[in-house]
Each structure stands twice: as C-alpha cells, then as structure tokens.
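Beneath this line is the structure, given in structure tokens, with notes to follow.
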Amino acid sequence: MNAAVNTVNLSSAPHARDKWTTPFIMRMVALSLLPATVVGIWVYGWNAFGIVALAIVSAVAAEWVFNKICHKPSTIWDGSAVVTGMLLALSLGPQTPLYCPVIGSVFAIVVCKGCFGGLGKNFINPALAARCFLLISFANAMAIKPVIDAVATATPVGAMKAGEVVNVTKMFLGTADGVIGSSILALLAGGLLLWCLDIIHGEICFSVLIGFTLFMGIFGGKGFDVNYLLAHLCGGGVVMGAFFMATDYVTSPVSKLGQFIYGCLIGVLGGLFRLKGNTADSFSYAIIIGNVCTPLIDTYIVQKPFAYRKVGKTRKASKEPFRIPKPVIALTLIAAIAGVALSGVFSVTKDKIEEQEVFKQSVAYREVCPEATSFSYDDKAQEILGDEGTETENATIYACYVGKNAQNDLVGYALSVGAKGFGGQVIMALGLTPEGKITGINFTELKETAGLGMRADEPEFKDQFPGKSVSVDLVKGAPQDDNDISAITGATVTSTAVHNAVNAGLNFYETVLKGGN
Amino acid sequence: MKKYIERLWNGLLKENPVLVLMLGMCPALAVSTQAANGIGMGLSTLAVLVLSNFVISCLRKVIPDSVRLPCYIVIVASLVTVTELLIKAYLPSIYEALGIYIPLIVVNCIILGRAEAYANKHTPLLSVMDGIGMGLGFTIALTLAGMIRELLGAGTVFGLRLLPESFGMTIFIQPPGAFLVFALIIAVMNAIGIKTRQRQLVESGCDGNCALCSTACEERKAEAAADAKPASEQKGGDKA
Amino acid sequence: MNNPSLIMIIVTGALINNVVLNQFLGICSFLGVSKQMKASISLGGAVIFVITIASAVASLLYDYVLKPLGMDFMKTIIFILVIAALVQIVEMFLKKKSPAVYKALGIYLPLITTNCAVLGVALNNVQDGYNFIESVLSGFGTALGYTIAIVLLAGIRSRINEKDLPAPLRGAPIVMIAAALMSIAFMGFGGLK
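Chains as they are written, first to last, in the working numbering: chain C, 7 to 523; chain D, 290 to 529; chain E, 1001 to 1193.
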C-alpha cells in the first residue's frame, strides 16, 4: 500500500486532496496532537511520557514487522502509525500499566489496519478499537485512577454520573484527572487547526458535538444547564473523539449528508451510553459503532434515497386450495413416531430425573446447614410461599426448609432462592441460623459466563456472605461496610442476581420466619 | 477398508467441519471458552452425529425428498432429547459437566449438514465413519480453540494455571475473542499450506463458504477440473 | 421473574444481547450471506417475518398445549416443525406472488429452517418465561438484531478487496476478524439498562 496521492483511487477513502499528501496530513495531525500531549505529560508526569513513547514506538515497530512478514514495502514513513500511537496513548489513563499501550498499538496496527490491507483499507478506527480491546481485556488495569486529586475516588465523569458537581475549568485546562489527552484547550487548538486546514470535515466534528449536546440537554435531567453540558463536553474523550477520531476520513462517510448523519449518530449514542450505560467508556464505543455503520451510510446515502425498502417481507399467507401433499404425511408419521419414542423414554426416566434433582438439592441444603440431620417443610411458611414459590420484585423464593437436629431442635433454615442472571435463573440454597445470620450459599443452578459470572461459585465470592444478616449491599471494589458484598468484576448481572436473591431470602426471614415458627 | 479410513482423515483435516466447511460455528464459538468445554461438547456432538448419520442413512430410501430437511430435524431433535433424558437420569455426574451443551447440539448445523450432504447418499457404515471423522475434527478444533482462549483469557489450560492470574485478557473469553481465535486458527492453517478443500476452492475463485454453495460448487468443481487442475475426489456434494 | 419494559425487550434482543454477535446463533448464514448486500437485506426481512411469527406460535403452543400436558420435553420437536412449516409457507407465497424475490433469495430461504437463531429464540423465550406479547417482541427484537448485524457486515465486506489482504487471511479469516471488531463495537451496548 503506497502513500502516493496522484494515483486514481477508486475506493471510497482516503480522498486524495490536491494540496496535501498523506505524509503531510499525518504530520499535521501529529502536530495538532502535540499540545495535548505536552500538557498531558506536564500534568501527569513521567508515567504519561512512558505511555506515549511506548505507544508510538510499538505502533511503528508493529507496522514495520507486519509489512516485512507480508512482503510489502515499508510504510512507516507515511506517519500514520505514529498518529495511531499518539491517539491511543492520549486516550489512556496515566497510571495504565505499560504493557497496555504496547498490546494496544500492536492490535491497532496489525488487526485493525494491517489485516485489512494497510492504510486506507480499514473500516474501524484503529486507535479506538484498540482502546476498546484493552478495556475489555484488562478491565481493572485500564480503570483510570485519580492521580492529581488523591482524595477523589473517581474521575470527573464518574463523579458527574454520581450526581456531583465538578470543576469545569480544571477539566478545560487539563489539570483535572482523566486520560492523558485531557486538556480540552490544547485539543481544541489542534482540532481547530486541522479544521482550518480543511484536513478534517466540520460536518463531522460539529455534528458530533451538537448531537451529543442536544441529547444530554434533552435527556440528561438537568435541561440545558450550561455548566452541566460543558462539564460533560469536557470529559470522557468527547472533544478528542469529535475532532480526531470520528473525523478520520478512512472510516467516515464520503458524502456531506452521510457525514452529518454519522456525526449525529455518534453524538446521540455517546450521550446514551454516557447516561444509561455502565461500560467504562461511552464515546469510544459510540465512535466505533459509527465506523461500523459507515459503509452502509456510504452505500445508501450516495446512491439511493431513504425510501429503499427491505424486500422479502410478507404479511399474509397464501390462499391456496387446501390439500395435504403426500410427503407431509410421511413427515407427520415420522414426527409421530418420534413423539411416541420420546414420550416412552421420558416416562421411563422421569422418576429417576426427579430423584436426582431432589438429591442434588438436599446436598446443597446440607452444605449450608451442616448441623441439621433432617429437613422438613415448614407448612406455614410454605403456605405463604405457595406452590411455585413467591416472586418479589427481582427475585423468587422457591421453598423454605427447616433444619432440625437429632433432638428435633431448630438449628437453622435452608431457603431456595433465585433471581434472573445472565444465562438463566441463578438458584441457590441459602442457609440461615435461627437468628437470621447467613451460614452460607450453595448454588444449585448457575449457568453464567465462564470466567466471569461462573466465578460466583468461587470461595472468593461465596465466602463474603456468611455472618451477614438483614440485608446486603452490592458494591464495586472493596467493601466499606459490614453489610457490603463486593461484586465480581465484569459480572455485574450475575452479582446483582445473587445479591437480589440473598436479600429476598433475608427479607423473608425478617418478615415471616423471625420470632419462631 | 481404505475408504473408511479416508472418511476419518477427511473429517479431521481436509474437510474439518468447523474450520473448513464453516458448519457448527454457532456452538464452536460459544462453547470454546475453555479447553474442557471443547472436549465435552465435541464428544457429545460426536455421539449424536454418529447416531444421526446412521439412522438417516438407514432411512435414506424412505424419507421423501421434498420434506427431507424437516424430517432430518425431527430425527436429530429426538435423538438429542433422548440422549439428554438418558444422561440426566442415569449419569448425573456427566450431566453436571456436559448438561448445558446437549440441547445446543440440536442447533448444530454439522449434524444436518452431514445428513444432507453425505448420510442420505451413502451406506450406513460409511456414514458412521464419516460421523466419527467429522465428530473428531469438531472436537479437535473446539479443544484447540478452547485451549488458546483459556490460556489467553484466564492463564490456565484444562484448569492448570500456566500464566499468572493478572495476565488474563478477558476479551478472549468473550465473543470478540472467539471470532479472533478462530480467524487466527484458520489463517494459520492457510499460511502453513494445509490444502484444505476450502483453500483449493478459494484459489479457484469461489469464496470458500461451503455451507451455502451446494450445487454451485459442483459446477465450479467441473470448471476447475476442466482447467486441468486436479479436482478433489470427493464423493457426494456439499452441504446445503 | 422480573418483567422488563416492552421496549427494553426489543432493544435487548436487537442490540444488547445481539443474537449473532453475543449469543452466537445464526452464524453460518451470517458469515455466508453477508457477502452480498441485497441478499443480506432480503434474508434479514425474511428472518424477521419467520422468527416473529414462529415466536408467537411457539409461545402459544407452549403455554396452552405443552405445559399443561406436561410435555415440556417435546418442545424442541414441535417448535422445529412450526418453523419448517412457516418457511414452507413463505416459500410458497413468494414463489407465487413475487418470483423475482424468490429467485433472489434462492437457497437462503430454506436455510432459515436450519438457522439456529430461529429455534434458539423460541427456546430462549420458554426459558425466560415470557408471556405471549413478550415472546413476540423478543422474537422481533432478536430478528431485528440479526438483520442489523448481517446488513452491517455486508456493508463492511463490500469494502474489502481480497487482493489487498495478506494471502492466509483471504476467505473466512478476514470475515471473522471483521465480525470480531463489530462484536467489540456492540459491546458498547452491553451496559445499557
């Protein structure tokens, strides 16, 4: 892939400008990123410098090596690898471990760009895709830890989400916590330079900003409060994304109308994710989703009007005369035979299966209520629960067993509770002492994501429960209070399900079981 | 005897169901989060595949052509349900380990694909060998992908810790990682020159997506043969 | 069982828990058909129709026939028969009323029968305990997600020129890498409530 500009380029991007060659453009972009880089390093220190340097070096090296492996001429002199490295570095937090920019740069250059054929052939912004790749791979390491404000527990964006007010001026100058490229002032300077040189399209960057602002204004809950909107604009990579990422003309639409739609889409999605999402980064995902839609926008905004309809949608069945063709009879016969066979097997195995279920349950109950030698239904409690169990707001209590020891004394309760997890119902046996303290939980049904939700079954998570009573609170990170349970990183749904189920059980104790049978 | 062995080898490498024929990708991507899952799913599928190939091959003269797909589906679904019920009842420990995969086998395109492409045109014994070959190929592909994903994602292989916990790149346990790892495996196979059926076809001009080519592939094969390229001596057509 | 709002069911099915990029259902046709934009759109439309109606019928059958009779284990077979019948109907209808579309879809239409997504959705609805309305919306949302995914991938593939790619990546690998990147992008929807 060469950087020569005067060849006729039949693909949609990049567009050869008459005055600018690709190396020139890349140099201007690097130049325009320089102020933000310098401010970032100055504010955040040597860590930041290390990240920036490593990102750039890794990107260039990766491109050189990849070109060699593919027997293609070296393209590192067109400067695009340098720009990718800079963009990636600026979007990382200053405390990010140094292997992140390296792995990220390699991913950006090799997978996002090189595999597709090099400069101009990628469909997704390499720096942003790499950032999201890192976010998903190294969730903990990528979390931005406050450097400047040692007291704060979150970045300004995190604080805003929690409803606090932040210092917008600091964010504007770049002296607040955030990613390395946080100085809005510096970014704006560079961005406006690019816009004036006509290297980036105003349609894109301004429609992104306007789309985002409008969305936050309408849906943010604070109306068009200037401080609130400015704060959101200055945080979370909005400005950087708008001027430097979304405008990459390889991955953005060609037509003016297309660019406008693309920009608005990104702005709106960014706002949606900022308000409603809980992923670590809202704008990066919004932009790469925009990238994914670009080819579609290009296909239809240029050539065909909006009225293009999907074909193949039918609504009514035909009105043919009703005859049963012979093959259908054969099919029905086969189905009937299969049905009979299945019923046969089912009735044979039905009891055995139930036996296994009961056995599995009793093992679970015994584990959470070890002193009991027998479990019995508590009639009154079961009456309250009903046949199928009781549903609370977000959990279900299936059954309640009373554990008695050999002397027929009450030694505890075993409740079967469940809640909707990620892959189905999460059902567990919850053991309680007669005083309502948790003795333990034991999952009887857990079909969550391996490596994430399934970790609920590990002692690290399960052992948090014994001893708690009345109710538990789910927190991210370390527990602050006695009744706090740390959620599993990356498995919020599963953790919430367990938390809801346990609370339902505890609540049941408080309202029904307490004070004797 | 040779043709039976050939079926085995075919399923393992030349026409590996997941990596070449692109069948059974759904469960392959979903289940290969750990190496152990790969073996579990693979072996369960192998069992059902062999049975299904056998039954359909025996019935091949009986099933009417126009409704053959629904018939196959009914047969396969019944076999899977029977397997699930039997395992649930009599082998509870195995059910604990494999239970969730068994219903997934119903939506495994490999079983239908082989029924359509092979079992309904060949004798039961050959079909059984084909089933074994394909099942083994599936198992190996899944286990390999599972090993890679588990190693990169959690640092373990079959539960044995090989890398420190902090090295885990969680993305590999998740959907993007699945796509990436399979892309990698297929690319490596291509790079080291394994002449799979797909490679030959890609080089002769089609996109190699056998899962959909069906009759069109026959024509292209004929063209390729006419171009003095030695056509692969495959019996039967490709899958629908 | 919590009852999520009806809009959320559609959004969840389409974007948050996308049938192809998250649940890995329907991959075979997703990888194969996305080569051509027109075929992708046609297939998407057909899939929306089949899945929505199949979800509706399956839900009714399950709630009023299978469950009361305790024949839960028959659901797989019954659902598949329903799907096969529906596809048959669509095929017959298209053949008569719109032969051009029928021809354009070609082999992809009967493939819907074997599309794991259709059966997968029906089974998921049962597992999630959705009532009739919820099942229909969930089916529609899922099919919408399938259509979005396949159309987007078709757009991306139209930009890929095989000649530019390194040789080992031509064919299936590059499509999977594109799907991986799409999957990363869609994970942005993952946190939405």
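Glycine included, C-beta positions come from ideal geometry on N, C-alpha and C.
Fair warning: this is a prediction, and the values are worked out from it, not measured in the lab.
Looking at chain E, is there any beta carbon in it that lies within less than 9 Å of the beta carbon of residue 430 of chain C?
Within the first sequence, the letter at position 424 stands for residue 430 of chain C. Judged by the 9 Å Cβ criterion, residue 430 of chain C is in contact with chain E.
Beta-bridge partners of residue 397 of chain C, as assigned by DSSP:
Residue 397 of chain C sits at position 391 when you count from the first residue of the first sequence. DSSP output for residue 397 of chain C lists C:402 as bridge partner(s).
Please list, in chain order, all residues of the same chain as residue 254 of chain C whose beta carbon is under 6 Å from its beta carbon, the five residues on each side excluded.
Walking along the first sequence from the start, residue 254 of chain C turns up at place 248. Cβ within range, chain order: 131.
Interface positions of the region 1069–1085 of chain E facing chain D (Cβ-Cβ less than 7 Å), listed along the chain:
1073, 1076, 1077, 1080, 1081, 1084
Who are the near neighbours of residue 260 of chain D in its chain, counting only those whose CB is closer than 6 Å to its CB and skipping five residues on each side?
This structure cannot settle anything about residue 260 of chain D, because the visible part of chain D is limited to 290 through 529.
Keeping to the same chain, check which residues put their C-beta closer than 7 Å to that of residue 234 of chain C; ignore five residues upstream and five downstream.
The residue given as residue 234 of chain C occupies position 228 in the first sequence. The answer, listed in chain order, is 226, 228.
Nearest chain E C-beta to residue 263 of chain C closer than 9 Å, yes or no?
Here residue 263 of chain C refers to the residue found at position 257 when the first sequence is read from its first residue. Chain E contact via Cβ: absent.
Please report the Cβ distance between residue 371 of chain C and residue 420 of chain C, rounded to the nearest whole angstrom; I am assuming they are in contact, meaning their Cβ atoms lie under 8 Å.
Residue 371 of chain C sits at position 365 when you count from the first residue of the first sequence. Residue 420 of chain C sits at position 414 when you count from the first residue of the first sequence. Sure, about 4 Å apart at Cβ, within 8 Å.
For residue 442 of chain D, is the classification buried or exposed, using 16 other Cβ atoms within 10 angstroms of its Cβ as the cut-off for buried?
On the second sequence, residue 442 of chain D is found 153 positions in, with the first residue counted as 1. So residue 442 of chain D ends up on the buried side.
Answer yes or no: does any C-beta atom of chain C fall closer than 9 Å to that of residue 506 of chain D?
Counting from one through the second sequence, the residue named residue 506 of chain D turns up at place 217. Below a pLDDT of 50, predicted positions are generally treated as unreliable, and residue 506 of chain D, at 48, falls in that range; the measurement from the model is reported next regardless. No, its Cβ sits nowhere closer than 9 Å to a Cβ of chain C.
If we require 4 or more residues per run, which alpha helix (DSSP H) segments fall completely within the region 344–424 of chain C?
The DSSP assignment places 385–391 as complete runs of the alpha helix (DSSP H) inside the region 344–424 of chain C, in order along the chain (cut-off: 4 residues).
Selected residue, minimal CA-CA separation from residue 152 of chain C, among C:163, C:142, C:143:
On the first sequence, position 146 is the one that residue 152 of chain C refers to. Comparing Cα positions, the closest option is C:163.
By Cβ distance below 6 Å, which residues in the same chain neighbour residue 100 of chain C in space, the five residues on each side in sequence not counted?
On the first sequence, position 94 is the one that residue 100 of chain C refers to. Cβ neighbours of residue 100 of chain C beyond the five flanking positions: 50, 53, 54, 153, 186.
Report the option in E:1073, E:1135, E:1157 whose CA atom is closest to the CA atom of residue 1040 of chain E.
Taking the third sequence and counting its residues from 1, the one referred to as residue 1040 of chain E is at position 40. Cα-wise, what sits closest to residue 1040 of chain E is E:1157.
For residue 344 of chain C and residue 363 of chain D, what's the separation of their Cα atoms in angstroms?
Mapped onto the first sequence, residue 344 of chain C falls at position 338. Mapped onto the second sequence, residue 363 of chain D falls at position 74. About 7 Å.
Are residue 340 of chain D and residue 420 of chain D closer than 9 Å when you measure CB to CB?
As a first step, residue 340 of chain D is located in the second sequence; it is residue number 51 there, counting from the start. As a first step, residue 420 of chain D is located in the second sequence; it is residue number 131 there, counting from the start. For residue 340 of chain D and residue 420 of chain D, yes; Cβs fall inside 9 Å.
For residue 61 of chain C and residue 364 of chain C, what's the separation of their Cα atoms in angstroms?
The residue labelled residue 61 of chain C in the question sits at position 55 within the first sequence. The residue labelled residue 364 of chain C in the question sits at position 358 within the first sequence. The alpha-carbon atoms of residue 61 of chain C and residue 364 of chain C are separated by roughly 57 Å.
If we require 4 or more residues per run, which alpha helix (DSSP H) segments fall completely within the region 350–417 of chain D?
357–379, 381–387, 390–395, 398–403
Could you give the C-beta distance for residue 1015 of chain E and residue 1145 of chain E, rounded to a whole number, given that I count them as a contact under 8 Å?
On the third sequence, residue 1015 of chain E is found 15 positions in, with the first residue counted as 1. On the third sequence, residue 1145 of chain E is found 145 positions in, with the first residue counted as 1. Rounded, the Cβ-Cβ distance is 6 Å, consistent with contact.
Once the 5 residues before and after residue 1135 of chain E are set aside, which same chain residues still bring their CB inside 6 Å of it?
Locating residue 1135 of chain E in the third sequence gives position 135, counting from the first residue. Excluding sequence neighbours, residue 1135 of chain E sits near 1055, 1059, 1125.
Residues of the region 350–362 of chain D whose Cβ lies closer than 9 Å to any Cβ of chain C, in chain order:
351, 352, 353, 354, 355, 356, 357, 359, 360
Could you tell me the distance, in whole angstroms, from the CA atom of residue 244 of chain C to the CA atom of residue 214 of chain C?
By one-based count along the first sequence, residue 244 of chain C stands at place 238. By one-based count along the first sequence, residue 214 of chain C stands at place 208. Going by the C-alpha atoms only, they are around 9 Å apart.
Let me check one thing: in DSSP terms, what residues is residue 434 of chain C bridge-paired to?
By 1-based counting over the first sequence, the position of residue 434 of chain C is 428. Per DSSP, C:423, C:449.
Below 8 Å on the Cβ atoms is my contact criterion, and I expect residue 1117 of chain E with residue 1026 of chain E to pass it. Report the Cβ-Cβ distance as a whole number of Å.
If you number the third sequence from 1, residue 1117 of chain E lands on position 117. If you number the third sequence from 1, residue 1026 of chain E lands on position 26. Residue 1117 of chain E to residue 1026 of chain E, Cβ: 3 Å. Contact.
Assumed close pair residue 1033 of chain E, residue 1043 of chain E - CB separation to whole angstroms, cut-off 8 Å:
For the purposes of this step, residue 1033 of chain E is taken as the residue at position 33 of the third sequence. For the purposes of this step, residue 1043 of chain E is taken as the residue at position 43 of the third sequence. Between residue 1043 of chain E and residue 1033 of chain E the Cβ distance is about 5 Å, and since that is below 8 Å, they are a contact.
Distance between residue 433 of chain C and residue 1094 of chain E (C-alpha atoms, nearest Å)
Position 94 of the third sequence, counted from the first residue, corresponds to residue 1094 of chain E. Position 427 of the first sequence, counted from the first residue, corresponds to residue 433 of chain C. Between residue 1094 of chain E and residue 433 of chain C, the C-alpha separation is close to 47 Å.
CB-CB under 6 Å to residue 415 of chain C, same chain, minus the five flanking residues each way: which ones, in chain order?
Taking the first residue of the first sequence as position 1, residue 415 of chain C is located at position 409. The answer is none, since no qualifying residue turns up.
Using three-state DSSP, classify residue 1170 of chain E as helix, strand or coil.
As a working note, residue 1170 of chain E is residue 170 in the third sequence. Correct three-state label for residue 1170 of chain E: coil.
What's the gap between the Cα of residue 146 of chain C and the Cα of residue 1149 of chain E?
Within the first sequence, numbered from 1, the residue matching residue 146 of chain C stands at position 140. Within the third sequence, numbered from 1, the residue matching residue 1149 of chain E stands at position 149. Cα-Cα distance, rounded: 29 Å.
Chain-ordered chain D contacts of residue 1015 of chain E [CB-CB under 8 Å]:
Translated into the one-based positions of the third sequence, residue 1015 of chain E becomes position 15. In chain order: nothing, as chain D lies at least about 14 Å away.
Could you tell me which residues DSSP pairs with residue 450 of chain D in its beta bridges?
In the second sequence, the residue the question calls residue 450 of chain D occupies position 161. D:445, per the DSSP bridge assignment.
If the criterion is Cβ atoms closer than 9 Å, does the pair residue 481 of chain D and residue 404 of chain D meet it?
In the second sequence, the residue the question calls residue 481 of chain D occupies position 192. In the second sequence, the residue the question calls residue 404 of chain D occupies position 115. Not closer than 9 Å, so no.
Contact between the region 247–265 of chain C and the region 292–306 of chain C: three or more CB pairs below 8 Å?
yes
Taking only beta-carbon atoms, is residue 1197 of chain E less than 9 Å away from chain D?
This structure leaves residue 1197 of chain E out entirely; chain E is present only between 1001 and 1193.
Where do the ends of the alpha helix (DSSP H) carrying residue 38 of chain C lie?
Here the question's residue 38 of chain C lines up with position 32 in the first sequence. First-last of the alpha helix (DSSP H) with residue 38 of chain C: 28–50.
Output, in chain order, the set of chain C residues within a Cβ distance shorter than 8 Å of residue 1164 of chain E.
One-based indexing of the third sequence puts residue 1164 of chain E at position 164. Neighbours of residue 1164 of chain E in chain C, taken as residues whose beta carbon is under 8 Å from its own, are 7, 122, 123, 124, 127 in chain order.
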